[in-house]
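In the working numbering, the protein residues as written are 55 to 670.
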């Protein structure tokens with residue numbers, strides 16, 4: 055039995071509460087030990103029946119009052135391959151649902167202001183000592199979160215009715231039970247979510263064992279008697295050759311059982327086994343939808359092998375990821391990646407997503423979500439963002455172990471609303487500080503302007519480790535170019551000399567991203583010259599044509615900002631560009647006093663006002 059259902063049963067039996075608010079994964083499948091996999095609504099109805107409710111009904115605004123339809127339920131289970139066969143001789147002790155129901159099922163109003171009083175009459179009935187179970191699905195649609203001044207009177211009455219039910223001792227003593235169901239807790243009226251008589255119960259995503267059990271169920275489905283039979287939409291699950299059920303269960307972390315079932319349906323439709331790419335795509339879509347656009351799955355990549363000069367990042371993250379995967383409470387809560395654009399900060403996170411099936415997601419800013427939707431004002435979307443953030447954080451907790459990436463952290467501070475500096479949502483900061491998330495959630499922030507990030511991010515424990523990224527040393531350019539040619543499968547002459555780009559003829563301000571661009575341009579030049587592969591002249595032409603994105607002073611400024619953040623020499627590249635070493639180092643020691651002095655000079659030269667973003 056799932057933990058959330060066990061909690062409801064125990065607290066109801068003990069008389070702690072008779073009204074419960076279930077939230078998060080409330081549109082999934084759940085396994086009933088007798089009937090197999092049911093929709094969450096049907097599962098909750100059967101569980102209330104098993105608890106001892108003589109009458110079970112549900113309600114949502116679009117359908118009105120819903121009565122269990124066991125016959126229809128049985129048909130969809132068979133069609134979708136969700137039913138189970140009990141071992142021979144198994145005794146079913148549970149009575150048929152609503153066997154004592156003798157009321158007229160038609161003519162019950164659909165609108166909440168009419169339906170709720172009728173449901174209350176049912177909850178209060180005393181005839182024959184019947185116990186009543188009522189499920190209000192999508193309760194946020196009849197009792198939404200909003201300013202009471204702006205809500206219609208009918209909605210306020212709905213909220214007050216539910217509150218009154220929760221505090222009603224008569225209903226409690228009759229043994230009645232009310233389940234309120236919502237996807238996002240923040241969408242429900244605070245009068246309900248903060249009512250001490252209503253117990254909040256999170257329905258989590260299925261864990262590894264839940265997913266593996268469901269996958270094995272689908273793998274063991276009987277073959278249909280006829281190949282073209284539509285009596286069973288899902289045939290026996292097929293996985294690609296190198297994918298075991300255990301690997302598939304691990305890869306589907308973060309998916310609901312219904313998502314896995316949809317994968318099986320899609321594979322059946324195209325008559326192909328389920329592939330790794332199909333799982334990744336479904337996971338991407340599911341996380342984006344469930345978080346209402348706030349979270350984006352970072353697709354796995356082995357890109358780090360194509361990037362040179364990041365050995366210090368590999369050395370740092372390798373043991374950290376191992377700690378995270380085993381749930382070690384000594385895992386850091388967060389790490390900050392600092393350095394100029396194009397130096398490999400984002401690539402590092404993309405590489406982490408491919409290690410041992412680790413899930414990595416990116417948390418978007420409110421402005422980014424608003425621009426993607428292109429609707430309404432930013433202030434409106436900002437309020438919606440903070441409400442949806444609750445759902446995103448619950449999703450993150452259910453994805454553990456997980457890496458959460460915040461790119462361009464300074465933008466969380468730079469956004470403004472109604473003329474005032476935007477304040478970071480307190481719910482986000484509380485989540486970061488929660489010790490229960492240590493060893494489960496690793497926050498990774500990236501910025502080229504650490505001087506502009508919100509001071510709240512600097513609280514001890516949030517981003518204590520600072521990993522510095524710098525422009526690659528000239529001696530690293532050849533290695534990076536080789537990797538870039540390999541990454542993009544660019545054909546080149548065997549005698550191509552990559553070391554020529556390390557010379558003084560080319561500017562020092564060339565990042566790893568710049569070298570990638572030079573490699574790709576060299577191939578375009580080769581093709582324009584009629585070459586089938588990149589020759590030495592093609593590469594040199596692309597390098598001589600390249601113009602750095604920023605001036606030397608800007609790169610110096612951003613590099614010194616990064617080094618000013620450093621709190622461990624281990625987290626700084628071994629080879630530092632000569633121009634930066636002369637300013638920022640005294641031997642092998644980072645000289646913060648010299649850095650501060652030079653930064654003040656650069657701010658004057660670049661006319662950077664303190665706290666301004668400039669254009670980089």
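By construction, the Cβ of each residue, glycine as well, lies at the ideal position given by its N, Cα and C atoms.
{"Query": "Burial state of residue 250 (16 or more Cβ within 10 Å)", "Result": "exposed"}
{"Query": "Short Cβ contact (8 Å threshold) for residue 304 with residue 355", "Result": "no"}
{"Query": "Separation of residue 440 from residue 73, as counted between CA atoms", "Result": "27 Å"}
{"Query": "Bridge partners - residue 114, DSSP secondary structure assignment", "Result": "118"}
{"Query": "Residue burial classification, residue 248 (beta-carbon count within 10 angstroms, cutoff 16)", "Result": "exposed"}
{"Query": "Through-space distance from residue 220 to residue 227, alpha-carbon basis", "Result": "12 Å"}
{"Query": "CA nearest to the CA of residue 109, picked from 63, 178, 169", "Result": "178"}
{"Query": "Residue 654 versus residue 506 - alpha carbon distance", "Result": "15 Å"}
{"Query": "CA-to-CA distance, residue 402 to residue 515, given in whole angstroms", "Result": "22 Å"}
{"Query": "Cβ separation of residue 564 and residue 606, assumed to be a contact under 8 Å, to the nearest whole Å", "Result": "About 11 Å separates the two Cβ atoms, so there is no contact after all."}
{"Query": "Selected residue, minimal CA-CA separation from residue 632, among 521, 378, 272, 530", "Result": "530"}
{"Query": "Per-residue burial, residue 223 [other beta carbons within 10 Å of its own, 16 or more giving buried]", "Result": "exposed"}
{"Query": "Cβ-Cβ distance between residue 616 and residue 588 below 8 Å", "Result": "no"}
{"Query": "Separation of residue 524 from residue 366, as counted between CA atoms", "Result": "11 Å"}
{"Query": "For residue 268, the first and last residue of its enclosing alpha helix (DSSP H)", "Result": "262-273"}
{"Query": "Own chain residues within Cβ distance below 7 Å of residue 283, not counting five before or after", "Result": "Residue placement at residue 283 cannot be trusted, given a pLDDT of 46 that sits under 50; what the coordinates show is reported in the next sentence. Same-chain partners within the cutoff: there are none."}
{"Query": "Rounded straight-line distance, which links the Cα of residue 175 to that of residue 233", "Result": "17 Å"}
{"Query": "One or two residues paired with residue 190 in a DSSP bridge", "Result": "113, 234"}
{"Query": "Outcome for residue 55 when other beta-carbon atoms lying within 10 angstroms are tallied against a minimum of 16", "Result": "exposed"}
{"Query": "Alpha-carbon spacing of residue 574 relative to residue 567, whole angstroms", "Result": "11 Å"}
{"Query": "C-alpha distance - residue 311 paired with residue 318, whole-angstrom precision", "Result": "11 Å"}
{"Query": "Buried or exposed by the 16-neighbour rule on C-beta atoms within 10 Å, applied to residue 517", "Result": "buried"}
{"Query": "Candidates 252, 129, 462: closest to residue 66 by CA position", "Result": "252"}
{"Query": "Under the three-state DSSP convention, the category residue 69 falls into", "Result": "coil"}
{"Query": "Complete alpha helix (DSSP H) runs within the stretch 362-411 (minimum length 4 residues, chain order)", "Result": "365-379, 399-406"}
{"Query": "Segments of 3+ residues assigned as beta strand (DSSP E) that fall wholly inside the stretch 494-560", "Result": "495-501, 519-522"}
{"Query": "Where the beta strand (DSSP E) containing residue 413 begins and where it ends", "Result": "413-417"}
{"Query": "Proximity of residue 634 and residue 619 at Cβ, strictly below 8 Å", "Result": "no"}
{"Query": "Beta-carbon separation (whole angstroms), residue 83 vs residue 93, contact threshold 8 Å", "Result": "6 Å"}
{"Query": "Euclidean distance between Cα positions of residue 237 and residue 77", "Result": "5 Å"}
{"Query": "Span of the alpha helix (DSSP H), counted from its first residue to its last, around residue 568", "Result": "566-582"}
{"Query": "Residues that residue 78 bridges to, as DSSP identifies them", "Result": "257"}
{"Query": "Helix, strand or coil at residue 168 according to DSSP, with G and I counted as helix", "Result": "helix"}
{"Query": "Residue 387 versus residue 522 - alpha carbon distance", "Result": "18 Å"}
{"Query": "Identity of the residue in 260, 592, 116, 202 nearest residue 675 by Cα", "Result": "It is not possible to answer for residue 675, since the shown part of the chain is limited to 55 through 670."}
{"Query": "Short Cβ contact (8 Å threshold) for residue 412 with residue 375", "Result": "yes"}
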